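Novice: Let me begin by handing over the structure; questions about it come next.
In our numbering, the protein residues as written are 5 to 287.
Structural data, given as C-alpha coordinates:
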(Lines of atoms letter the chains of each structure in order from A and count residues from 1; the text may use other names and numbers.)
(Lines give C-alpha, C1' and ligand atoms only; values in the text may rest on other atoms or scores of the structure.)
Protein backbone atom coordinates (compact mmCIF):
# COMPACT_ATOMS: atom_id res chain seq x y z
CA UNK A 1 0.00 0.00 0.00
CA UNK A 2 1.33 3.43 -0.96
CA UNK A 3 -0.07 6.63 0.51
CA UNK A 4 -0.05 9.40 -2.12
CA UNK A 5 0.53 13.09 -1.35
CA UNK A 6 0.47 15.94 -3.87
CA UNK A 7 3.33 18.22 -2.77
CA UNK A 8 2.60 20.89 -5.40
CA UNK A 9 0.87 23.19 -2.90
CA UNK A 10 1.34 24.12 0.75
CA UNK A 11 -1.02 22.66 3.32
CA UNK A 12 -3.21 24.33 5.91
CA UNK A 13 -3.37 22.82 9.38
CA UNK A 14 -6.37 20.57 8.66
CA UNK A 15 -4.78 19.28 5.45
CA UNK A 16 -1.47 18.57 7.15
CA UNK A 17 -3.26 16.85 10.03
CA UNK A 18 -5.21 14.66 7.61
CA UNK A 19 -2.02 13.59 5.81
CA UNK A 20 -0.26 12.76 9.08
CA UNK A 21 -3.20 10.66 10.24
CA UNK A 22 -3.38 9.07 6.81
CA UNK A 23 0.28 8.07 6.90
CA UNK A 24 0.01 6.71 10.45
CA UNK A 25 -3.03 4.67 9.42
CA UNK A 26 -1.44 3.39 6.21
CA UNK A 27 1.80 2.34 7.93
CA UNK A 28 0.86 1.35 11.51
CA UNK A 29 3.80 -1.06 11.68
CA UNK A 30 6.29 1.82 11.29
CA UNK A 31 4.61 5.09 12.29
CA UNK A 32 3.12 6.46 15.48
CA UNK A 33 1.52 9.92 15.57
CA UNK A 34 1.23 11.81 18.85
CA UNK A 35 0.39 15.34 19.96
CA UNK A 36 3.05 17.01 22.10
CA UNK A 37 0.60 19.66 23.25
CA UNK A 38 -1.55 22.46 21.94
CA UNK A 39 -0.82 25.91 20.60
CA UNK A 40 -2.27 29.18 21.87
CA UNK A 41 -5.24 28.68 19.51
CA UNK A 42 -5.81 25.02 20.40
CA UNK A 43 -4.06 23.35 17.47
CA UNK A 44 -2.05 20.19 18.06
CA UNK A 45 1.72 20.18 17.73
CA UNK A 46 2.08 16.86 15.92
CA UNK A 47 5.07 14.56 16.26
CA UNK A 48 5.66 11.40 14.22
CA UNK A 49 7.81 8.53 15.47
CA UNK A 50 9.22 6.30 12.72
CA UNK A 51 10.94 2.96 13.35
CA UNK A 52 10.41 -0.77 13.03
CA UNK A 53 9.30 -1.85 16.53
CA UNK A 54 9.94 -5.51 15.70
CA UNK A 55 13.67 -4.78 15.90
CA UNK A 56 13.35 -2.92 19.19
CA UNK A 57 11.38 -0.09 20.82
CA UNK A 58 11.99 3.42 19.53
CA UNK A 59 13.48 4.73 22.77
CA UNK A 60 16.16 2.02 22.83
CA UNK A 61 17.55 2.94 19.41
CA UNK A 62 19.72 5.92 18.45
CA UNK A 63 17.34 8.57 17.16
CA UNK A 64 17.51 11.47 14.74
CA UNK A 65 15.26 14.43 15.54
CA UNK A 66 13.83 16.78 12.90
CA UNK A 67 11.63 19.81 13.45
CA UNK A 68 10.29 22.39 11.03
CA UNK A 69 8.15 25.48 10.66
CA UNK A 70 8.98 27.26 13.91
CA UNK A 71 8.73 30.59 12.05
CA UNK A 72 5.30 31.25 10.61
CA UNK A 73 6.32 32.25 7.09
CA UNK A 74 8.78 29.37 6.59
CA UNK A 75 6.09 27.13 5.12
CA UNK A 76 8.44 25.21 2.82
CA UNK A 77 10.01 23.57 5.86
CA UNK A 78 6.75 21.79 6.71
CA UNK A 79 6.76 20.28 3.26
CA UNK A 80 10.35 19.14 3.70
CA UNK A 81 9.58 17.40 6.98
CA UNK A 82 6.35 15.85 5.68
CA UNK A 83 8.15 14.64 2.57
CA UNK A 84 10.80 13.03 4.77
CA UNK A 85 8.09 11.14 6.67
CA UNK A 86 6.39 10.09 3.45
CA UNK A 87 9.65 9.04 1.78
CA UNK A 88 10.82 6.90 4.68
CA UNK A 89 7.48 5.13 5.02
CA UNK A 90 6.83 4.53 1.33
CA UNK A 91 10.36 3.27 0.67
CA UNK A 92 10.64 0.85 3.56
CA UNK A 93 11.18 -2.63 2.13
CA UNK A 94 11.94 -1.21 -1.32
CA UNK A 95 15.06 0.82 -0.57
CA UNK A 96 17.88 -0.94 1.30
CA UNK A 97 19.17 2.21 3.01
CA UNK A 98 15.73 3.30 4.21
CA UNK A 99 14.96 -0.22 5.42
CA UNK A 100 18.23 -0.36 7.38
CA UNK A 101 17.57 3.06 8.94
CA UNK A 102 14.10 2.18 10.20
CA UNK A 103 15.25 -1.24 11.40
CA UNK A 104 18.18 0.15 13.35
CA UNK A 105 17.34 3.74 14.24
CA UNK A 106 14.42 5.99 15.12
CA UNK A 107 13.22 9.23 13.56
CA UNK A 108 11.32 11.80 15.61
CA UNK A 109 9.82 14.37 13.24
CA UNK A 110 7.79 17.49 14.10
CA UNK A 111 6.59 18.84 10.74
CA UNK A 112 4.94 22.02 12.09
CA UNK A 113 6.06 23.39 15.44
CA UNK A 114 4.07 26.59 14.97
CA UNK A 115 0.59 25.67 13.68
CA UNK A 116 -1.05 28.99 14.62
CA UNK A 117 1.60 31.12 12.95
CA UNK A 118 1.54 28.93 9.86
CA UNK A 119 -2.21 29.40 9.52
CA UNK A 120 -1.85 33.18 9.86
CA UNK A 121 0.89 33.27 7.26
CA UNK A 122 -0.96 31.03 4.80
CA UNK A 123 -4.40 32.63 5.07
CA UNK A 124 -4.01 36.36 5.81
CA UNK A 125 -1.13 37.68 3.72
CA UNK A 126 0.55 39.11 6.81
CA UNK A 127 4.32 38.96 7.14
CA UNK A 128 4.40 36.86 10.29
CA UNK A 129 7.14 35.26 12.33
CA UNK A 130 5.60 34.33 15.68
CA UNK A 131 2.85 32.09 16.92
CA UNK A 132 -0.81 32.71 17.79
CA UNK A 133 -0.39 34.64 21.05
CA UNK A 134 -1.44 37.71 19.05
CA UNK A 135 -3.57 37.89 15.93
CA UNK A 136 -3.01 40.31 13.04
CA UNK A 137 -4.09 43.75 14.17
CA UNK A 138 -3.44 42.99 17.83
CA UNK A 139 0.33 42.72 17.64
CA UNK A 140 0.83 46.44 16.88
CA UNK A 141 -0.94 49.14 18.85
CA UNK A 142 0.17 52.41 17.24
CA UNK A 143 1.94 53.86 14.22
CA UNK A 144 2.05 52.25 10.78
CA UNK A 145 0.54 48.77 11.13
CA UNK A 146 0.56 46.21 8.33
CA UNK A 147 -2.75 45.79 6.55
CA UNK A 148 -4.06 44.63 3.17
CA UNK A 149 -5.19 48.06 1.97
CA UNK A 150 -6.36 47.15 -1.55
CA UNK A 151 -7.91 43.80 -0.64
CA UNK A 152 -5.82 41.69 -3.01
CA UNK A 153 -4.93 39.17 -0.32
CA UNK A 154 -1.31 40.31 -0.15
CA UNK A 155 0.59 42.67 2.12
CA UNK A 156 3.44 44.05 0.06
CA UNK A 157 5.27 47.39 0.17
CA UNK A 158 4.16 50.97 -0.42
CA UNK A 159 6.32 53.64 -2.03
CA UNK A 160 5.61 57.13 -0.78
CA UNK A 161 7.12 60.18 -2.57
CA UNK A 162 9.65 61.94 -0.37
CA UNK A 163 12.40 64.35 -1.58
CA UNK A 164 14.67 62.86 1.07
CA UNK A 165 13.81 59.27 0.22
CA UNK A 166 16.56 56.76 -0.45
CA UNK A 167 14.75 54.90 -3.26
CA UNK A 168 13.87 55.63 -6.88
CA UNK A 169 12.00 53.76 -9.63
CA UNK A 170 14.16 51.38 -11.65
CA UNK A 171 14.71 52.47 -15.26
CA UNK A 172 14.36 48.81 -16.30
CA UNK A 173 11.00 48.08 -14.68
CA UNK A 174 8.65 50.66 -13.11
CA UNK A 175 7.52 48.07 -10.56
CA UNK A 176 10.99 47.79 -9.08
CA UNK A 177 12.81 50.15 -6.76
CA UNK A 178 16.57 50.76 -6.68
CA UNK A 179 18.67 52.75 -4.27
CA UNK A 180 19.40 56.39 -4.98
CA UNK A 181 23.08 57.07 -5.71
CA UNK A 182 25.14 59.00 -3.12
CA UNK A 183 24.84 62.71 -3.88
CA UNK A 184 22.13 62.16 -6.48
CA UNK A 185 19.62 65.04 -6.79
CA UNK A 186 16.98 66.26 -9.21
CA UNK A 187 14.88 63.12 -9.44
CA UNK A 188 11.73 61.71 -7.88
CA UNK A 189 12.52 59.77 -4.73
CA UNK A 190 10.56 57.59 -2.35
CA UNK A 191 10.40 56.01 1.07
CA UNK A 192 9.38 52.35 1.25
CA UNK A 193 6.97 51.13 3.91
CA UNK A 194 5.15 47.88 4.48
CA UNK A 195 1.58 48.14 3.20
CA UNK A 196 -0.65 49.31 6.01
CA UNK A 197 -2.47 52.10 7.81
CA UNK A 198 -1.58 54.39 10.69
CA UNK A 199 -3.14 53.63 14.07
CA UNK A 200 -3.58 56.29 16.72
CA UNK A 201 -2.74 59.97 16.47
CA UNK A 202 -0.51 61.22 13.66
CA UNK A 203 1.27 64.58 13.43
CA UNK A 204 1.21 64.47 9.64
CA UNK A 205 4.98 64.11 9.37
CA UNK A 206 6.49 61.35 11.50
CA UNK A 207 5.66 57.78 10.54
CA UNK A 208 6.42 55.53 13.48
CA UNK A 209 6.77 51.81 12.93
CA UNK A 210 6.24 49.90 16.14
CA UNK A 211 8.02 46.58 16.28
CA UNK A 212 5.33 43.86 16.16
CA UNK A 213 4.85 41.64 19.17
CA UNK A 214 4.14 38.42 17.34
CA UNK A 215 7.33 36.97 18.79
CA UNK A 216 10.09 34.65 17.64
CA UNK A 217 9.91 31.21 19.20
CA UNK A 218 13.40 30.37 18.03
CA UNK A 219 14.57 32.74 20.79
CA UNK A 220 12.26 31.34 23.46
CA UNK A 221 14.33 28.29 24.33
CA UNK A 222 16.33 28.23 27.58
CA UNK A 223 19.88 27.88 26.19
CA UNK A 224 21.43 31.34 25.92
CA UNK A 225 18.09 33.02 26.54
CA UNK A 226 18.12 36.84 26.61
CA UNK A 227 15.09 38.87 27.64
CA UNK A 228 12.76 40.27 25.01
CA UNK A 229 13.86 43.79 25.89
CA UNK A 230 17.33 42.98 24.54
CA UNK A 231 16.46 40.36 21.92
CA UNK A 232 13.24 40.79 19.99
CA UNK A 233 10.74 37.98 20.30
CA UNK A 234 12.38 36.07 23.15
CA UNK A 235 9.25 36.18 25.31
CA UNK A 236 8.74 37.01 28.96
CA UNK A 237 10.77 34.03 30.14
CA UNK A 238 12.27 30.84 28.63
CA UNK A 239 9.62 28.51 27.21
CA UNK A 240 6.82 31.01 27.85
CA UNK A 241 5.21 29.78 24.61
CA UNK A 242 3.41 26.42 24.83
CA UNK A 243 4.85 25.17 21.55
CA UNK A 244 8.42 25.81 22.73
CA UNK A 245 7.66 24.19 26.08
CA UNK A 246 6.23 21.06 24.45
CA UNK A 247 9.19 20.71 22.10
CA UNK A 248 11.77 21.17 24.85
CA UNK A 249 10.09 18.62 27.09
CA UNK A 250 10.01 16.09 24.27
CA UNK A 251 13.74 16.47 23.58
CA UNK A 252 14.65 16.19 27.27
CA UNK A 253 12.44 13.12 27.63
CA UNK A 254 14.29 11.33 24.80
CA UNK A 255 17.98 11.01 25.69
CA UNK A 256 18.38 8.55 22.82
CA UNK A 257 18.40 11.50 20.39
CA UNK A 258 21.89 11.54 18.88
CA UNK A 259 21.44 14.05 16.06
CA UNK A 260 19.14 16.93 15.16
CA UNK A 261 18.08 18.97 12.15
CA UNK A 262 15.97 22.13 12.53
CA UNK A 263 14.69 23.40 9.19
CA UNK A 264 14.44 27.10 8.23
CA UNK A 265 14.18 28.99 4.95
CA UNK A 266 15.84 32.31 5.89
CA UNK A 267 19.54 33.07 5.95
CA UNK A 268 20.87 30.77 3.25
CA UNK A 269 23.40 29.15 5.59
CA UNK A 270 23.97 26.20 7.89
CA UNK A 271 24.00 26.96 11.61
CA UNK A 272 25.59 24.61 14.12
CA UNK A 273 25.73 24.53 17.91
CA UNK A 274 26.40 26.49 19.92
CA UNK A 275 26.06 29.58 17.70
CA UNK A 276 27.89 31.66 20.32
CA UNK A 277 31.43 30.31 19.91
CA UNK A 278 33.90 30.16 16.99
CA UNK A 279 34.70 26.92 15.22
CA UNK A 280 38.17 26.62 16.76
CA UNK A 281 36.66 26.28 20.24
CA UNK A 282 34.51 23.25 19.35
CA UNK A 283 36.00 19.99 20.71
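Just so you know, even glycine gets a beta-carbon here, dropped at the ideal spot from N, CA and C.
Predicted model only: the values in this text are computed from it and were never measured.
Return the residue from the list 7, 31, 135 that minimises the CA-CA distance to residue 219.
Specialist: Taking the first residue of the chain shown as 1, we reach residue 219 at position 215. Per the Cα distances, 135.
Novice: With a 10 Å radius around its C-beta and 16 neighbouring C-beta atoms as the bar for buried, classify residue 284 as buried or exposed.
Specialist: Against the chain shown, residue 284 aligns to sequence position 280. Residue 284 is exposed by the Cβ-count criterion.
Novice: What are the residues that DSSP puts in a beta bridge with residue 203?
Specialist: Taking the first residue of the chain shown as 1, we reach residue 203 at position 199. DSSP, once it has assigned bridges, lists 147 as partnering residue 203.
Novice: If we call anything under 7 angstroms between Cβ atoms a contact, is residue 47 one with residue 119?
Specialist: Here the question's residue 47 lines up with position 43 in the chain shown. Here the question's residue 119 lines up with position 115 in the chain shown. Against a cut-off of 7 angstroms, the Cβ pair of residue 119 and residue 47 comes out as a contact.
Novice: Quick one, which of 105, 225, 86 has its alpha-carbon nearest residue 59's?
Specialist: Against the chain shown, residue 59 aligns to sequence position 55. Closest by alpha carbon: 105.
Novice: Helix or strand or just coil, what does DSSP make of residue 196?
Specialist: Translated into positions along the chain shown, residue 196 becomes position 192. Residue 196: strand per DSSP, three-state reduction.
Novice: Examine the Cβ distances between the region 255-271 and the region 68-86 and report whether three or more of them are shorter than 8 angstroms.
Specialist: They touch, by the three-pair rule.
Novice: To the nearest angstrom, report how far apart residue 233 and residue 200 are at their CA atoms.
Specialist: Counting from 1 along the chain shown, the entry for residue 233 is found at position 229. Counting from 1 along the chain shown, the entry for residue 200 is found at position 196. Residue 233 and residue 200: Cα-Cα distance of roughly 25 angstroms.
Novice: Count the other CB atoms, across all protein chains shown, that sit within 10 Å of the CB of residue 11; report buried if there are 16 or more and exposed otherwise.
Specialist: Stepping through the chain shown from its first residue, residue 11 is reached at position 7. Exposed.
Novice: Quick one: what does DSSP say residue 65 is sitting in, helix, strand or coil?
Specialist: Taking the chain shown and counting its residues from 1, the one referred to as residue 65 is at position 61. Here residue 65 sits in coil by DSSP.
Novice: Among 180, 9, 92, 88, which one has its Cα closest to the Cα of residue 102?
Specialist: Your numbering for residue 102 matches position 98 in the chain shown. It is 92 whose Cα lies nearest to the Cα of residue 102.
Novice: Less than 7 angstroms between the C-beta atoms of residue 242 and residue 226, yes or no?
Specialist: In the chain shown, the residue the question calls residue 242 occupies position 238. In the chain shown, the residue the question calls residue 226 occupies position 222. Taking 7 angstroms as the Cβ cut-off, residue 242 and residue 226 qualify as a contacting pair.
Novice: From the DSSP output, in three-state form, read off residue 11 for me.
Specialist: Taking the chain shown and counting its residues from 1, the one referred to as residue 11 is at position 7. Here residue 11 sits in coil by DSSP.
Novice: Can the beta-carbon of residue 51 be found less than 7 angstroms from the beta-carbon of residue 40?
Specialist: Taking the chain shown and counting its residues from 1, the one referred to as residue 51 is at position 47. Taking the chain shown and counting its residues from 1, the one referred to as residue 40 is at position 36. Cβ distance < 7 angstroms, so residue 51 and residue 40 count as in contact.
Novice: By alpha-carbon positions, which one of 190, 49, 148 ends up nearest to residue 207?
Specialist: By 1-based counting over the chain shown, the position of residue 207 is 203. When only C-alpha atoms are compared, the closest one is 148.
Novice: Among the candidates 250, 151, 187, 279, whose CA atom is the shortest distance from the CA of residue 221?
Specialist: Start at 1 with the first residue of the chain shown, and residue 221 comes out as number 217. Minimum Cα distance to residue 221 is reached at 250.
Novice: DSSP beta-bridge partners for residue 48?
Specialist: Here residue 48 corresponds to residue number 44 of the chain shown, with the count starting at 1. According to DSSP, residue 48 bridges with 42.
Novice: Per DSSP, residue 111 is paired with what?
Specialist: For the purposes of this step, residue 111 is taken as residue 107 along the chain shown, with counting starting at 1. 54, 68.
Novice: I think residue 65 touches residue 108, with their Cβ atoms under 8 angstroms apart; what is that distance to the nearest whole Å?
Specialist: The count along the chain shown starts at 1 and reaches residue 65 at position 61. The count along the chain shown starts at 1 and reaches residue 108 at position 104. Right, the Cβ-Cβ distance comes to about 7 angstroms (below 8 angstroms), so this counts as a contact.
Novice: Have a look at residue 205 and residue 29 and give me their C-alpha separation to the nearest angstrom.
Specialist: For the purposes of this step, residue 205 is taken as the residue at position 201 of the chain shown. For the purposes of this step, residue 29 is taken as the residue at position 25 of the chain shown. Distance between the alpha carbons of residue 205 and residue 29: 56 angstroms.
Novice: Taking the alpha carbon of residue 146 as the reference point, which residue from 202, 111, 157 has its own alpha carbon closest?
Specialist: As a working note, residue 146 is residue 142 in the chain shown. Of the candidates 202, 111, 157, the one whose C-alpha sits nearest the C-alpha of residue 146 is 202.
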